[in-house]
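Notes for the one structure printed next.
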Amino acid sequence: MRKKPKLVVNHLSYCYKRANKQPLQVIDNISLKIFNNEVVSLIGPSGCGKSTIFNIVSGILNEDKGKIEINGLKEKSRRGKCGYMFQEPLLFRWRSVLENVMLGYEIKEMLKQQAKNKALNLLKEFGLFEYANLYSNTLSGGMKQKVALLRTIAFNSSLLLLDEPFGPLDAITRSELHLYLLAIWKKLKLTIILTTHDIREAIFLSDRVYVLSKKPARIIDCLKITLPRPRKLEDLTSEKFVSLEKRLMSLLK
Numbered sequence: 001m002r003k004k005p006k007l008v009v010n011h012l013s014y015c016y017k018r019a020n021k022q023p024l025q026v027i028d029n030i031s032l033k034i035f036n037n038e039v040v041s042l043i044g045p046s047g048c049g050k051s052t053i054f055n056i057v058s059g060i061l062n063e064d065k066g067k068i069e070i071n072g073l074k075e076k077s078r079r080g081k082c083g084y085m086f087q088e089p090l091l092f093r094w095r096s097v098l099e100n101v102m103l104g105y106e107i108k109e110m111l112k113q114q115a116k117n118k119a120l121n122l123l124k125e126f127g128l129f130e131y132a133n134l135y136s137n138t139l140s141g142g143m144k145q146k147v148a149l150l151r152t153i154a155f156n157s158s159l160l161l162l163d164e165p166f167g168p169l170d171a172i173t174r175s176e177l178h179l180y181l182l183a184i185w186k187k188l189k190l191t192i193i194l195t196t197h198d199i200r201e202a203i204f205l206s207d208r209v210y211v212l213s214k215k216p217a218r219i220i221d222c223l224k225i226t227l228p229r230p231r232k233l234e235d236l237t238s239e240k241f242v243s244l245e246k247r248l249m250s251l252l253k
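Following UniProt numbering, the numbering of the sequence shown begins with 1 at its first residue and continues without gaps.
If you want it as structure tokens, here you go:
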């Protein structure tokens, strides 16, 4: 039986309007499909339009040309149809870890006690329960990203857009977060799209990697990642991983 796509982007184009200047085209005729329970990366040069694609998919921006379907529906308003996590954790400093995660449920107008119970369960399930009453100024960078990820899942666990979520972190913390994300993805059967500049990150996390050109973004290729799951850090030095890394590097030149 053929799988139905979770997200379909057809012939998407977008220009930024500029006062007294020609519009700046950042996306040019991009089409892609994301299937249920996939992890897919978008990789390309800095400023090529990866975040703009996310802003359009999430409904922050409206496409100039093209069509977008989420769960088979061509809804004009896409806000709230996916969870969107930015590069910075953007935690509210006056809210505790628990209250920040609760916010994902509260935005959906869930009753406060129900939101609290669900947030506590999420924190317990993914190892953050002991930090529930701490505030963001006491947390490490990696811990802040974990909290931001759980808040995003609380808002919408159907489709996650992760915009360079591990960019600011050191290499050791980033590796820890990769394993943390994959554990959550497996348990909750998430569908994840992430943007990254890191070739190794894209390979380690993904089922497929879309390679984008410089601005205006076009799709150069879609590389299938044939590494078995579950992924392990030892995979980073395997012959197959190195071969995929070389292939991606050649596509990005």
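Ideal Cβ positions, reconstructed from N, Cα and C, are used throughout, including at glycine.
A quick note: this is a predicted structure, and the numbers were derived from the prediction, not measured.
Rounded to whole angstroms, S238 and R231 show a C-alpha spacing of 11 Å. Boundaries around Y105 are those of the alpha helix (DSSP H), 97-106, since no beta strand (DSSP E) includes it. The distance from the Cβ of I199 to that of L149 is about 22 Å, inconsistent with a contact at the 8 Å cut-off. Between A132 and L123 the beta-carbon gap is near 6 Å, inside 8 Å, which marks them as a contact. Counting C-beta pairs with one atom in each stretch, the region 93-101 and the region 67-74 have fewer than three that are closer than 8 Å, which means they do not touch.
DSSP places K253 in no beta strand (DSSP E); its state is neither H nor E. Between the alpha carbons of I193 and R174 lies a gap of roughly 17 Å. Within the same chain, A119, L122, L123, V147, L150, R151, A154 come within 7 Å of V101 by CB-CB distance, once the 5 residues on both sides are set aside. In the three-state DSSP reduction, I153 falls in the helix class (H, G or I). In the three-state reduction of the DSSP assignment, S243 falls in the helix class.
Looking at Q87, I60, N117, the one whose alpha-carbon comes closest to that of E99 is N117.
With respect to the C-alpha of L179, the residue from L42, R229, S51 having the closest C-alpha is R229.
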